[in-house]
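Novice: Residue numbers (my numbering): 2 to 123.
Backbone N, C-alpha and C define an ideal beta-carbon position, used for all residues, glycine too.
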């Protein structure tokens, strides 16, 4: 009878939003890696099939011209920043994913579809 190896307690295991930042937690519940928000506070994230994460920040307090939606890699490094809506609006909830794209409403009442590979309008 063989014994199974014990899990590494420092291995990263889950994600959580803590105080507005996206955190990767280890098996002990300690923060192993942290991604601070670009502007206000992270309010939503969605894991993608390839390990990347789609992240949306609260629309308030964002710098003009910057989108509040972006993609991070598995190490919480920024891959792309979404193309901002043409009317200067920001992205709102809910965010939905389908084959290769994300659909998200805007503060001006429009709905935009973005390519998950680039963050540009699909």
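Note down, in chain order, each residue of its chain lying with its Cβ closer than 7 Å to the Cβ of residue 62, except the 5 sequence neighbours on either side.
Specialist: 40 and 41
Novice: Residue 103: buried (16+ other C-beta within 10 angstroms of its C-beta) or exposed?
Specialist: With 16 or more other Cβ atoms within 10 Å, it is buried.
Novice: Give me the Cα-Cα distance between residue 27 and residue 59, rounded to the nearest whole angstrom.
Specialist: 26 Å
Novice: In whole angstroms, what is the alpha-carbon distance linking residue 35 and residue 76?
Specialist: 9 Å
Novice: Who are residue 108's beta bridge partners in DSSP?
Specialist: Answer by DSSP bridge pairing: none, since residue 108 is not bridged.
Novice: Would you mind sorting residue 120 into buried or exposed? The rule is 16 or more other CB atoms within 10 Å of its CB.
Specialist: Looking at its Cβ environment, which holds 16 or more other Cβ atoms inside 10 Å, residue 120 is buried.
Novice: Grouping DSSP H, G and I as helix and E and B as strand, with all else coil, what is residue 15?
Specialist: strand
Novice: Below 6 Å CB to CB, which residues in the same chain sit around residue 24 once its five sequence neighbours on both sides are set aside?
Specialist: Setting aside the 5 residues that flank it on each side, residue 24 is surrounded in the same chain by 17, 32 and 35, each with a C-beta closer than 6 Å to its C-beta; the list follows chain order.
Novice: Using the beta-carbon count (16 or more within 10 Å), is residue 48 buried or exposed?
Specialist: exposed
Novice: Please report the residue range of the beta strand (DSSP E) in which residue 33 lies.
Specialist: From DSSP, the beta strand (DSSP E) with residue 33 extends over 32-36.
Novice: Taking 8 Å as the cut-off, decide whether the C-beta atoms of residue 111 and residue 90 are in contact.
Specialist: yes
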